[in-house]
Amino acid sequence: MGIVYQRILLKLSGEALMGDLGYGIDPAVVQEIAEEIADVVATGVQVAVVVGGGNIFRGLKAAAGGMDRATGDYIGMIATVMNAMTLQDALERKSVPTRVQTAIAMQEVAEPYIRRRAIRHLEKGRVVIFGAGSGNPFFTTDTTAALRAAEIDANVIFKATKVDGIYDSDPVLNPNARRFQTLTYSHVLMHDLRVMDSTAIALCKENNIPIMVFDLSVRGNIHRAVMGEPVGTVVGGSCEVS
Ligand code: UDP
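Have a look at this one:
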């Protein structure tokens, strides 16, 4: 089996960097993720990453506690930059060249987001980590992943989760739950399956970007997914029927 995707966008939630800690960043977990990414980069695949910030701050949660929503969202976006820089450090310790680009300017610590420059970095084999979400409150980093994937012309979004795909019911509660190999965007939207938020799904649908949902905790899964192995559920792409 050969490489199926030349340019991928990996979406890591903030929680993915948290491990079992409950809050913040587990350096050991970040190291493991960096190793996985380094393995894929070594095959020549171009890797862009969007990191979330839910391990540190969520605007919606802060708003529920009375904070102004937009302010909370800006704090959430800034939180993602901490994650982005942590991942950058872990990757560079593995000799993987990286650039962090942020949607909110922080030029002392990262480049501003410039689409053409991001593409150039990817072509040169650098991992580009997109921080600060989309730069807009009321959005999520899932939507950012869809947006950036469209902008950089990524072949696929790898949505790393804690389960090995999308099921017809909760596999923790139902031992007979069935895993889908492929799903259409419309099915995900209609049944409100919590793969990514609906804005992100709609954006992927419009731009025909497949989403591979897979379990990040299984060592080697990113590499397997790049090689086209069915490690999770694929939403959209060639399985889409309209
Ligand atoms: N956020 C935002 N606009 C964006 C992306 C993120 O306002 O384009 C804020 C929002 O408050 C969100 C927080 O940043 O709660 C962290 O991002 P997200 O919840 O998507 O992180 P994840 O769930 O992936 O860890």
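As numbered in numbering that gives the first Met the number 0, residues 0 to 241 make up the sequence shown, in order. Backbone N, C-alpha and C define an ideal beta-carbon position, used for all residues, glycine too. Predicted, not measured: the structure shown is a model, and the values here were computed from it.
Any idea which residues DSSP pairs residue i with across the strands?
i	result
residue 24	Paired residues: none, contrary to the question.
residue 111	101
residue 57	For residue 57, which the question treats as bridged, DSSP gives no partner whatsoever.
residue 157	9 and 211
residue 181	233
Looking only at its own chain, which residues have a Cβ that is under 7 Å from the Cβ of residue i, when we skip the five neighbours before and after it?
i	result
residue 38	222
residue 90	33, 36, 37, 97 and 126
residue 17	23, 24, 25 and 54
residue 120	98 and 127
residue 133	102, 142, 143 and 146
residue 202	142, 145, 146 and 149
Roughly how many angstroms separate the alpha carbons of residue i and residue j, rounded to a whole number?
i	j	result
residue 40	residue 4	12 Å
residue 27	residue 172	30 Å
residue 109	residue 179	39 Å
residue 143	residue 93	26 Å
residue 112	residue 100	5 Å
residue 122	residue 47	11 Å
residue 8	residue 64	33 Å
residue 164	residue 78	27 Å
residue 129	residue 76	11 Å
residue 49	residue 85	13 Å
residue 168	residue 226	28 Å
residue 105	residue 81	12 Å
residue 235	residue 193	15 Å
residue 20	residue 95	26 Å
residue 161	residue 57	19 Å
residue 117	residue 87	15 Å
residue 11	residue 107	24 Å
residue 190	residue 174	20 Å
residue 240	residue 170	Note that residue 240 scores 45 on pLDDT, short of 50, meaning its location in the model is unreliable; the coordinates nonetheless yield the value given after this. Answer to the nearest angstrom: the Cα atoms are 26 Å apart.
residue 205	residue 29	33 Å
What do you reckon, is the C-beta of residue i under 7 Å from a heavy atom of the ligand SAH?
i	result
residue 6	The ligand SAH is not among the ligands present in this structure, which contains only the ligand UDP.
With residue i and residue j assumed to form a contact (beta carbons below 8 Å), what rounded beta-carbon distance in angstroms separates them?
i	j	result
residue 51	residue 1	In fact, because the Cβ distance is near 31 Å, the residues do not count as touching under 8 Å.
residue 151	residue 114	7 Å
residue 159	residue 208	Actually they do not touch by this definition, with Cβ atoms about 16 Å apart.
residue 213	residue 137	Actually they are not in contact, since the Cβ atoms of residue 213 and residue 137 sit about 28 Å apart, beyond 8 Å.
residue 15	residue 215	6 Å
Using a Cβ-Cβ cutoff of less than 6 Å, which residues in the same chain neighbour residue i once the five nearest sequence positions on both sides are dropped?
i	result
residue 200	184, 187 and 188
residue 6	45, 153 and 154
residue 233	181, 209 and 211
residue 141	195, 196 and 199
residue 67	none
residue 139	196
residue 230	213, 220, 223 and 224
residue 177	167
residue 69	136
In terms of residues, what are the limits of the beta strand (DSSP E) holding residue i?
i	result
residue 266	In the structure displayed, the chain extends from 0 to 241; residue 266 sits before or after that span and is not available.
residue 211	210-214
residue 225	From DSSP, residue 225 is part of no beta strand (DSSP E) but of the alpha helix (DSSP H) over 220-225.
residue 176	No beta strand (DSSP E) holds residue 176; DSSP gives it neither H nor E.
residue 80	Careful: residue 80 lies outside any beta strand (DSSP E), inside the alpha helix (DSSP H) at 68-92.
residue 232	232-234
Going by DSSP, what residue range makes up the alpha helix (DSSP H) through residue i?
i	result
residue 146	140-151
residue 126	Where residue 126 is concerned, there is no enclosing alpha helix (DSSP H), although the beta strand (DSSP E) it sits in stretches over 126-130.
residue 165	Taken as a continuous stretch (DSSP letters only), residue 165 belongs to no alpha helix (DSSP H), as it is neither H nor E.
residue 16	13-17
residue 187	184-189
residue 198	197-206
Cutting at 8 Å between CB atoms, please list the residues of its own chain near residue i, excluding the five before and the five after it.
i	result
residue 60	71
residue 219	35 and 38
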